[in-house]
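K.L.:
Input: one structure, supplied below.
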Amino acid sequence: MSHFYIFLLTLFIFCQSAATVPANNRHQPMACEEKLKILEPSEPKTIYDYEILPDRDISKFKEKVLPIPLVQREGSNIPFVTVYKNLNWQRPAYDSLWHSSNWRWSNVPTNMSYQQHRVFDYEGGGSWWYDLSGHLALPGEAGGPSPIHEFAFTIKYPHVVRLIVFNFDVKSIKYYKNQYTVSGEPLRKGLTVVDFNTVNLPKNKKLLQLATPDGYELDYLILN
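Structure follows, in structure tokens:
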């Protein structure tokens, strides 16, 4: 019974704080009901990551999935450049950006979906990077321009893919029959951001897999 009263007390404090959050130059105070609308679904339900992050829906990749060791062995080497690398960087379990006063990144199911994954991609769009970097709590240095092309991530040169990889040291990228394998060393912490050029590759959906050198998948995503 004591746990129930603790829960009620916590909810009461949360609702009271919602009414007293000071306004700043970007946000206005929100009532408890408004906060709940952005924090959780209106009704209790089960949500899977691929419902929120479409690039995790493996059903969108219609090709036969080849074994990772085959891609590592037979694939072409894809050159990449490292934009940011800090193997001592610690991924936060919670970031101040996700507070309900910053409503843009406050949805709990969305943040939980992002936290389930280690590798993410960015292919262009300033607003998309703004949202992605907020959900991932990336340091500002991770969002610099690409050394590959001065117009990377724009309609003038939409051929650069940026990978954001957590808890992993990227060693190589291989491509074989619509599959990428990003191989390297799994770590307990760290952030690596790399760019690679796709201008000479087919323009279709591809499966990208983050893998150990001996071929075990750690994460995946679908590239358009």
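When you line the sequence shown up against mature numbering (1 follows the signal peptide of the UniProt record, and there is no 0), it's residues -18 to -1, 1 to 206, in that order.
Quick reminder that beta carbons are idealized off the backbone N, C-alpha and C, glycines included.
Keep in mind that this is a model prediction, so the values were computed, not measured.
Tell me where the beta strand (DSSP E) around residue 190 begins and ends.
P.N.:
Residues 188 to 193.
K.L.:
Within its chain, find whatever has a CB closer than 6 Å to the CB of residue 57; leave out the 5 residues flanking it on each side and keep chain order.
P.N.:
So the qualifying residues of the chain are 156, 157 and 158.
K.L.:
Would you check if the region 77 to 90 and the region 175 to 182 touch, i.e. whether three or more CB-CB distances between them fall below 8 Å?
P.N.:
Flag = no, the region 175 to 182 and the region 77 to 90 do not touch.
K.L.:
Where are the beta strand (DSSP E) runs, 3 residues long or more, that stay fully inside the region 3 to 78, in chain order?
P.N.:
Counting only runs of 3 or more, we get 62 to 68.
K.L.:
Check residue 123 in the structure and name its three-state DSSP category.
P.N.:
Here residue 123 sits in helix by DSSP.
K.L.:
Looking at the structure shown, is residue 114 part of a helix, part of a strand, or coil, going by DSSP?
P.N.:
If DSSP states are grouped into helix, strand and coil, residue 114 belongs with the helices.
K.L.:
Based on the DSSP secondary-structure assignment, which residues constitute the bridge partners of residue 167?
P.N.:
In DSSP, residue 167 forms a bridge with 151.
K.L.:
Using only CA atoms, which one of 137, 122 and 143 lies nearest to residue 130?
P.N.:
Considering only alpha carbons, the answer is 143.
K.L.:
Rounded to the nearest angstrom, what separates residue 162 and residue 27 at their Cα positions?
P.N.:
The alpha-carbon atoms of residue 162 and residue 27 are separated by roughly 34 Å.
K.L.:
Let me make sure I understand the geometry here. Which of 113, 192, 128 and 15 has the alpha-carbon closest to that of residue 176?
P.N.:
Considering only alpha carbons, the answer is 128.
K.L.:
Contact between the region 108 to 127 and the region 63 to 75 is defined here as three or more beta-carbon pairs at a separation below 8 Å; is this criterion met?
P.N.:
Taking 8 Å as the limit for Cβ pairs, the verdict is that the region 63 to 75 does touch the region 108 to 127.
K.L.:
Could you give the distance in angstroms between the alpha-carbon of residue 88 and the alpha-carbon of residue 20?
P.N.:
The alpha-carbon atoms of residue 88 and residue 20 are separated by roughly 6 Å.
K.L.:
Which whole-angstrom value describes the C-beta separation of residue 119 and residue 151, a residue pair presumed to lie in contact below a C-beta threshold of 8 Å?
P.N.:
Going by Cβ atoms, the distance from residue 119 to residue 151 rounds to 20 Å, so no, they are not a contact pair.
K.L.:
Have a look at residue 200 and residue 16 and give me their C-alpha separation to the nearest angstrom.
P.N.:
Cα to Cα, the separation comes out at about 37 Å.
K.L.:
Quick one: using the 10 Å Cβ neighbour count with 16 as the cut-off for buried, is residue 186 buried or exposed?
P.N.:
Its Cβ having fewer than 16 others within 10 Å, residue 186 is exposed.
K.L.:
Pull up the DSSP beta-bridge partners for residue 179, would you.
P.N.:
The partner list for residue 179 (beta bridge, DSSP) reads 142.
K.L.:
Measuring only the C-alpha atoms, how far is residue 54 from residue 141?
P.N.:
Each residue's alpha carbon lies about 23 Å from the other.
K.L.:
With a threshold of 6 Å on Cβ separation, who are the neighbours of residue 146 within its own chain once the five nearest residues in sequence on each side are excluded?
P.N.:
Closer than 6 Å at the Cβ level, and outside the excluded window around residue 146, lie 102 and 175.
K.L.:
Residue 198 by DSSP, collapsed to three states: which one?
P.N.:
Residue 198: coil per DSSP, three-state reduction.
K.L.:
Could you compute how far the alpha carbon of residue 172 sits from the alpha carbon of residue 71?
P.N.:
Answer to the nearest angstrom: the Cα atoms are 5 Å apart.
K.L.:
Rounded to a whole number of angstroms, what is the C-alpha to C-alpha distance between residue 7 and residue 86?
P.N.:
Per-residue confidence for residue 7 stands at a pLDDT of 44, beneath the threshold of 50, marking its modelled position as unreliable; the derived number appears in the next sentence. Between residue 7 and residue 86, the C-alpha separation is close to 15 Å.
K.L.:
Quick one: is residue 137 buried, meaning 16 or more other Cβ sit within 10 Å of its Cβ, or exposed?
P.N.:
It is exposed - the Cβ of residue 137 has fewer than 16 other Cβ atoms within 10 Å.
K.L.:
How about residue 165 and residue 59: are their beta carbons less than 8 Å apart?
P.N.:
No; because the gap between Cβ atoms is not below 8 Å, this pair is not in contact.
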